[in-house]
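S.K.: Structure in structure tokens, see below.
Number of protein chains: 2
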Amino acid sequence: MPDIDQTDLEILRLLQHNAELTNKEISAKLHKSVAAVHERVRRLKEQGYIKRVVAILDRKKIDRSLIAFSHVLLKDHSANTLSSFEKEVIRFPEVMECFQMTGTFDFILRIATADMDAYHVFYRKLATLPNITTVQSFFVLSETKSDTAYPL
Amino acid sequence: MPDIDQTDLEILRLLQHNAELTNKEISAKLHKSVAAVHERVRRLKEQGYIKRVVAILDRKKIDRSLIAFSHVLLKDHSANTLSSFEKEVIRFPEVMECFQMTGTFDFILRIATADMDAYHVFYRKLATLPNITTVQSFFVLSETKSDTAYPL
DNA sequence: GCTGAAATAATAGCGTT
DNA sequence: AACGCTATTATTTCAGC
Numbered sequence: 001m002p003d004i005d006q007t008d009l010e011i012l013r014l015l016q017h018n019a020e021l022t023n024k025e026i027s028a029k030l031h032k033s034v035a036a037v038h039e040r041v042r043r044l045k046e047q048g049y050i051k052r053v054v055a056i057l058d059r060k061k062i063d064r065s066l067i068a069f070s071h072v073l074l075k076d077h078s079a080n081t082l083s084s085f086e087k088e089v090i091r092f093p094e095v096m097e098c099f100q101m102t103g104t105f106d107f108i109l110r111i112a113t114a115d116m117d118a119y120h121v122f123y124r125k126l127a128t129l130p131n132i133t134t135v136q137s138f139f140v141l142s143e144t145k146s147d148t149a150y151p152l
Numbered sequence: 153m154p155d156i157d158q159t160d161l162e163i164l165r166l167l168q169h170n171a172e173l174t175n176k177e178i179s180a181k182l183h184k185s186v187a188a189v190h191e192r193v194r195r196l197k198e199q200g201y202i203k204r205v206v207a208i209l210d211r212k213k214i215d216r217s218l219i220a221f222s223h224v225l226l227k228d229h230s231a232n233t234l235s236s237f238e239k240e241v242i243r244f245p246e247v248m249e250c251f252q253m254t255g256t257f258d259f260i261l262r263i264a265t266a267d268m269d270a271y272h273v274f275y276r277k278l279a280t281l282p283n284i285t286t287v288q289s290f291f292v293l294s295e296t297k298s299d300t301a302y303p304l
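The listed protein sequences derive, respectively, from chains A and B. Here our numbering is used: position 117 in the first sequence is 117, and no number is missing along the way. Here our numbering is used: position 76 in the second sequence is 228, and no number is missing along the way.
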């Protein structure tokens, strides 16, 4: 973090939890002027500290009650196999996240579906991709903590 | 989704990707008045479809280059063991997410740290908690996809 | 539930220290 | 960098349909 100070960090802390705060509200908390906060927020976006501002939905209300993690092992690790798997898998709407991993398997996918039937549909699509050796599925029983905000 | 229509879904779609859109911009896309959009967004928040609006930071810029998944197996599954583990683990600032799972282990944690040294510090704190049998750690090599927006 | 319009509030730009 | 001031835009409210 080369070019941001404590005030910037405090702004990031606040906006990570609630990006609907107005510059006026932030300026009151930080004992700065509205214009100063405005300029800092503009800079934090421009420099890429803030990538974007998004609405977080209640997944149960929009029919994504089932979250699964899928561990994928590929047949080989050639550049082609890896990149064509990535290219295909990110196009599945069920795939919220995809990480290439170190260790005993190659990718972790986080899958959001309505229910087990919908997961099964996804699973069959996934297993059809070329060069997959195994897919292991783990299902979320309960969400103890789910945070998009990094402590700063 | 009992009480929302196609227009609401379109608003949710838009705001999931960019919550900085103004009501005017949304109203232009949907061919509705600004006041109509305003009222719908208000309702979507009030009814809990939109849980919150947050800034998403670039984790590499704020020194969280290492993401790990930790699989935790507990000694037993008594209500006490489970809930006291949950209560302790969510207090670690490194733990972004914690899910109780079905299957061969009990919890998946998503951990964000600066580097492997910082992960090691976390690992030793975690392993100190009572009733833990094993912790398996998997490290992210690369992030292929990371989305907070559900396709609607 | 939508519209248009009016009132209130926030953001964006600028000149100064 | 921060400030206050001003202009521009956006949000919020409301009467009427």
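Every residue gets a Cβ at the ideal spot worked out from N, C-alpha and C, and that includes glycine.
Looking at I108/A: is its Cβ nearer than 9 angstroms to the Cβ of F99/A?
M.R.: Here residue 108/A refers to the residue found at position 108 when the first sequence is read from its first residue. Here residue 99/A refers to the residue found at position 99 when the first sequence is read from its first residue. Contact: yes.
S.K.: With 16 as the cutoff for other CB atoms within 10 Å, does Q288/B come out buried or exposed?
M.R.: As a working mapping, residue 288/B is identified with position 136 in the second sequence. Q288/B comes out exposed.
S.K.: What in chain B is Cβ-close to P102/A, meaning under 7 angstroms?
M.R.: In the first sequence, residue 102/A corresponds to position 102, counting from 1. Reading off the sequence, residue 102/A comes out as Thr, not Pro. Simply F290, F291 and L293.
S.K.: Straight-line CA distance for D299/B to I56/A?
M.R.: Here the question's residue 299/B lines up with position 147 in the second sequence. Here the question's residue 56/A lines up with position 56 in the first sequence. Their backbone Cα atoms lie some 11 angstroms apart in a straight line.
S.K.: Any idea which residues DSSP pairs I202/B with across the strands?
M.R.: Here residue 202/B is taken as the residue at index 50 of the second sequence, counted from 1. Answer is L57/A.
S.K.: Considering only C-alpha positions, which residue in the set E143/A, I11/A and D115/A is nearest to H38/A?
M.R.: Counting from one through the first sequence, the residue named residue 38/A turns up at place 38. Nearest of E143/A, I11/A and D115/A to H38/A, Cα basis: I11/A.
S.K.: May I ask you to report which of helix, strand or coil DSSP gives T92/A?
M.R.: What you label residue 92/A is simply residue 92 of the first sequence in a count that begins at 1. According to the sequence as given, residue 92/A is Phe; it is not Thr. Correct three-state label for F92/A: coil.
S.K.: Using the beta-carbon of each residue, which ones in chain B are nearer than 9 angstroms to A28/A?
M.R.: As a position in the first sequence, residue 28/A is number 28, starting the count at 1. Going along chain B, no residue has its Cβ under 9 angstroms from A28/A, so there is no contact; the nearest lies around 19 angstroms.
S.K.: Is the CB-CB distance between I202/B and D63/A below 9 angstroms?
M.R.: Reading the second sequence from its first residue, position 50 is the one you call residue 202/B. Reading the first sequence from its first residue, position 63 is the one you call residue 63/A. Contact: no.
S.K.: For the candidate residues Q158/B, G255/B, A187/B and H272/B, whose alpha-carbon lies nearest to that of A220/B?
M.R.: In the second sequence, the residue the question calls residue 220/B occupies position 68. Among Q158/B, G255/B, A187/B and H272/B, the Cα nearest to that of A220/B belongs to H272/B.
S.K.: Quick one: grab the DSSP three-state call for F107/A.
M.R.: Here residue 107/A corresponds to residue number 107 of the first sequence, with the count starting at 1. Three-state DSSP puts F107/A in a strand.
S.K.: Could you check whether E25/A and K297/B sit closer than 9 angstroms to each other, using their CB atoms as the reference points?
M.R.: Here residue 297/B refers to the residue found at position 145 of the second sequence. Here residue 25/A refers to the residue found at position 25 of the first sequence. Not in contact: K297/B and E25/A (Cβ atoms no closer than 9 angstroms).
S.K.: Mind listing the chain A neighbours of I263/B? Cutoff is C-beta to C-beta under 8 angstroms, in chain order.
M.R.: Taking the second sequence and counting its residues from 1, one reaches residue 263/B at position 111. Within 8 angstroms Cβ-Cβ: nothing; I263/B doesn't reach chain A, min ~11 angstroms.
S.K.: Pick helix, strand or coil for A68/A, following the three-state DSSP scheme.
M.R.: Working through the first sequence from its first residue, we reach residue 68/A at position 68. Strand, per DSSP.
S.K.: Consider the Cβ of L12/A: report whether some Cβ of chain B lies at a distance smaller than 9 angstroms.
M.R.: Taking the first residue of the first sequence as position 1, residue 12/A is located at position 12. It does: the Cβ of L12/A has a partner Cβ on chain B nearer than 9 angstroms.
S.K.: What does the alpha-carbon distance come out to for the pair R13/A and R42/A?
M.R.: Residue 13/A sits at position 13 when you count from the first residue of the first sequence. Residue 42/A sits at position 42 when you count from the first residue of the first sequence. The straight-line gap from Cα to Cα measures roughly 15 angstroms.
S.K.: In the DSSP assignment, the alpha helix (DSSP H) including K176/B goes from what residue to what residue?
M.R.: For this step, residue 176/B is matched to residue 24 along the second sequence. Start and end: N175 to L182.
S.K.: L173/B and L167/B look like a contact to me (Cβ under 8 angstroms); what is the Cβ gap, rounded to whole Å?
M.R.: Here the question's residue 173/B lines up with position 21 in the second sequence. Here the question's residue 167/B lines up with position 15 in the second sequence. Right, their Cβ atoms sit about 7 angstroms apart.
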